[in-house]
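Here the structure comes first, spelled out in structure tokens, and everything after it is commentary.
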Amino acid sequence: MPIDFLPILVMIAVVAAFAAIALILSGLTGPRRPTRAKLEPYESGMPPFGSAMRRVSIKYFLTAVLFILFDIEIIFFYPWAVLFRQLGLFGLIEMGIFILILLVGYVYIWRKGGFDWD
Amino acid sequence: MDIFNNLFPGLYDWINALLHDWFKGAMPADVESVLVSAIMALIVAISAILFMVLMVLIMIWLERKNAARIQDRVGPNRVGPYGLLQPIADTIKMLIKEDIVPTNADKLVHLLAPLVAMAPAVLALAVVPFGKGMTPVDLNIGLLFMIAVGSIGVVGIFMAGYGSNNKYSLLGGMRGVAQVVSYEVPQVLTVVTVILLSGSMSLVKIVDAQGGWFGLQWNILALPVGLIAFVIFYICALAEVNRSPFDLIEGESEIVAGFFTEYSGMKWGLFYLAEYFNFFIVCMFGATLFLGGWQGPILPGWLWLIIKTYALVWLGMWIRMTLPRFRVDQLMKFAWKVLVPVALANLLLTSILIGVYNGIGF
Numbered sequence: 746m747p748i749d750f751l752p753i754l755v756m757i758a759v760v761a762a763f764a765a766i767a768l769i770l771s772g773l774t775g776p777r778r779p780t781r782a783k784l785e786p787y788e789s790g791m792p793p794f795g796s797a798m799r800r801v802s803i804k805y806f807l808t809a810v811l812f813i814l815f816d817i818e819i820i821f822f823y824p825w826a827v828l829f830r831q832l833g834l835f836g837l838i839e840m841g842i843f844i845l846i847l848l849v850g851y852v853y854i855w856r857k858g859g860f861d862w863d
Numbered sequence: 056m057d058i059f060n061n062l063f064p065g066l067y068d069w070i071n072a073l074l075h076d077w078f079k080g081a082m083p084a085d086v087e088s089v090l091v092s093a094i095m096a097l098i099v100a101i102s103a104i105l106f107m108v109l110m111v112l113i114m115i116w117l118e119r120k121n122a123a124r125i126q127d128r129v130g131p132n133r134v135g136p137y138g139l140l141q142p143i144a145d146t147i148k149m150l151i152k153e154d155i156v157p158t159n160a161d162k163l164v165h166l167l168a169p170l171v172a173m174a175p176a177v178l179a180l181a182v183v184p185f186g187k188g189m190t191p192v193d194l195n196i197g198l199l200f201m202i203a204v205g206s207i208g209v210v211g212i213f214m215a216g217y218g219s220n221n222k223y224s225l226l227g228g229m230r231g232v233a234q235v236v237s238y239e240v241p242q243v244l245t246v247v248t249v250i251l252l253s254g255s256m257s258l259v260k261i262v263d264a265q266g267g268w269f270g271l272q273w274n275i276l277a278l279p280v281g282l283i284a285f286v287i288f289y290i291c292a293l294a295e296v297n298r299s300p301f302d303l304i305e306g307e308s309e310i311v312a313g314f315f316t317e318y319s320g321m322k323w324g325l326f327y328l329a330e331y332f333n334f335f336i337v338c339m340f341g342a343t344l345f346l347g348g349w350q351g352p353i354l355p356g357w358l359w360l361i362i363k364t365y366a367l368v369w370l371g372m373w374i375r376m377t378l379p380r381f382r383v384d385q386l387m388k389f390a391w392k393v394l395v396p397v398a399l400a401n402l403l404l405t406s407i408l409i410g411v412y413n414g415i416g417f
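So the sequence lines, in the order shown, correspond to chains A and B. Just add 745 to the spot in the first sequence (first one is 1) and you have the working numbering. Just add 55 to the spot in the second sequence (first one is 1) and you have the working numbering.
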């Protein structure tokens, strides 16, 4: 029921308002004395060197792809788990096959070194 | 005791009736009922915010006092009795600090990041059953909602890391995303065990299924699978909220303060709030899913839930003071090579055990 989600929408608005009030309040009460050195990005006291928005290691992207793959597979467990008692033996065997197929991919990634960070 | 048990539902009904009285005849019935539920939602939301602030203040005090005792110190004891007012003093200090935004930061992303990190934790509160008939919103997919909302927080961490235009922030943000996302997989997997045991995704029904037998029907006591599931859930919970020993996204010995290096004043305070309340929320879900939720004798249900939550919170604080930090490669290896297979095997074992218990063929 869409109306069930009305309180959640209201909650989002209230949280946003709370954060806004906190930030505005701190803006009013806090001092504002910017200097050039203060506004530089922190680099342990050294002069900042280049921009931080550069390319990042491929490892992070690999992790993201793995997450998407596995999360999508795992979401299939949810309806199955709710209906498990009604599905009976059929459900058990079918999920066994599903996990088997999942395991093939899992072992493949493991052997290819997809889970190794270095 | 009945009064305390039904304090909040009673209050809810009373305000509801009052509002219905107020609007009587002023507008069509369907508009009126939507308006009344909107106002009730507003009241619930404001109480949720107050609840969050109160719980975080208590947790900060508890954490500092606990850490001090474990390290054989006294801890905060100057502001108020036993230092109880220390968190309030800290909040006031945070409010009157200067808000520094670095010159080449992405201003909008930098501003929105603390909000995005904080909001999901409060939203998750919407589906927690605090007692009989005391669930703000009883969604039939409550468990899925909790997981979905819980994973929005990581976007805030990444926004902070990227928007600050600082190398330490970016590293912390990237690590944070990788870590949270990796531990999400075993967590989501291990929660399926709970669904199997209870046969529902509604948190209200999950708690109801754990009532009776004086707590012997708690999911954690569905040996051996419940205990294994709980341990995996708790480890993942610590990792998801970046608590020690998984706090390397803000590992101060390597990357300063991680994603909130460039944050100060109240923006930093909002991150702090988010961090603590996220921890509180995952502990609350742990208590709901595995420790019987609000079920308990004598005391009112909501008090039982809070007591169980604080037991888990305290366990996390104990672990934090005891264990050293993981290395990043160990962290990833542990999630993918240990927790995922164990969770999967546990899931299979649960379904087989339920099958055997009910007689194969059902």
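Built from N, CA and C at the ideal position, the CB exists for glycine as well.
- Look at B/THR316: its C-beta is under 8 Å from a C-beta on chain A.
- If you draw a straight line from the Cα of A/ASP861 to the Cα of B/ARG230, it comes to about 15 Å.
- Looking at B/LEU225, B/SER237, B/ALA233 and B/ASP263, the one whose alpha-carbon comes closest to that of B/PRO184 is B/ASP263.
- Between B/PHE340 and B/GLN234, the CB-CB gap reaches or exceeds 8 Å.
- Taking B/MET114 as the centre and dropping the five residues before and after it, the same chain places the C-beta of TYR331, PHE335 and VAL368 closer than 7 Å to its C-beta, in chain order.
- For A/THR780, the closest Cβ of chain B is not nearer than 8 Å.
- Shown in chain order are the members of the region 751-763 of chain A whose Cβ falls below 7 Å from a Cβ of chain B: LEU751, PRO752, ILE753, VAL755, MET756, ILE757, VAL759, VAL760, ALA761 and PHE763.
- Taking a Cβ-Cβ cut-off of 8 Å, B/VAL296 has no neighbours in chain A, whose nearest Cβ is about 17 Å from it.
- For B/PHE285 and B/LEU276, the gap between their C-alpha atoms comes out near 10 Å.
- Contacts with chain A at 8 Å (Cβ-Cβ) do not include B/PRO279.
- Looking at A/SER789, A/LEU837, A/GLY836 and A/LEU848, the one whose alpha-carbon comes closest to that of B/ALA312 is A/SER789.
- For the region 202-231 of chain B, the beta-carbon criterion of a distance under 8 Å to any beta-carbon of chain A is satisfied by TYR217, SER219, ASN220, ASN221, LYS222, TYR223, SER224, LEU225 and MET229.
- Here B/VAL99 is near B/PRO191, since their CB atoms are less than 8 Å apart.
- Cβ contact annotation for B/ARG119 (same chain, cutoff 8 Å, sequence separation greater than five): GLY130, PRO131, GLY138 and GLN141, in chain order.
- In summary, the residues of the region 319-339 of chain B whose CB is separated from some CB of chain A by less than 8 Å are GLY320, MET321, LYS322, GLY324 and LEU325, in the order they occur in the chain.
- Taking a Cβ-Cβ cut-off of 8 Å, the neighbours of B/LYS388 in chain A comprise PHE860, ASP861 and TRP862, given in sequence order.
- In this structure, the straight-line span from the alpha carbon of B/GLY254 to that of A/SER771 is close to 48 Å.
- Counting other Cβ atoms within 10 Å of its Cβ, B/GLN242 reaches 16 or more and is therefore classed as buried.
- Residues of chain B whose Cβ lies closer than 7 Å to the Cβ of A/ARG777 are, in chain order, GLU153.
- Judged by DSSP in its simplified three-state form, B/PRO83 adopts coil rather than helix or strand.
- Boundaries for A/ARG781: no alpha helix (DSSP H) harbours it, and the DSSP string shows neither H nor E there.
- Put simply, the region 207-227 of chain B touches the region 166-177 of chain B. At least three CB pairs are less than 8 Å apart.
- Taken in chain order, the members of the region 841-858 of chain A whose beta-carbon sits within less than 9 Å of a beta-carbon on chain B are GLY841, ILE844, LEU847, LEU848, TYR851, ILE854 and TRP855.
- DSSP places B/ALA160 in the coil class of the three-state scheme, outside both helix and strand.
- Between A/GLU785 and A/PRO779, the C-beta gap is not smaller than 8 Å, which leaves the two residues out of contact.
- The three-state reading of DSSP puts B/TYR318 in coil, since its state is none of H, G, I, E or B.
- In this model, B/ASN401 and B/VAL247 are separated by some 10 Å (Cα to Cα).
- Check the Cα spacing between B/THR245 and each of B/LEU344, B/TRP373, B/GLU87 and B/PHE106: the tightest is with B/LEU344.
- Close partners of A/ARG830 in chain B (Cβ separation under 8 Å): GLY254, ILE409, ASN413 and PHE417.
- For B/SER92, the nearest CB of chain A lies under 8 Å from its own CB, placing it at the interface with that chain.
- Contact between the region 198-216 of chain B and the region 151-159 of chain B is absent, with fewer than three C-beta pairs closer than 8 Å.
- Under the Cβ criterion of 8 Å, B/GLU239 is counted among the residues facing chain A.
- Under the 8 Å criterion on CB atoms, B/LEU403 is classed as interfacial with respect to chain A.
- One Cα belongs to A/LEU773, the other to B/ILE143, and the distance between them is close to 19 Å.
- Cβ proximity to chain A below 7 Å picks out PRO191, VAL192, LEU194 and LEU199 from the region 185-204 of chain B.
- Distance from the CA atom of A/GLY836 to the CA atom of B/ILE287, rounded to whole angstroms, is 25 Å.
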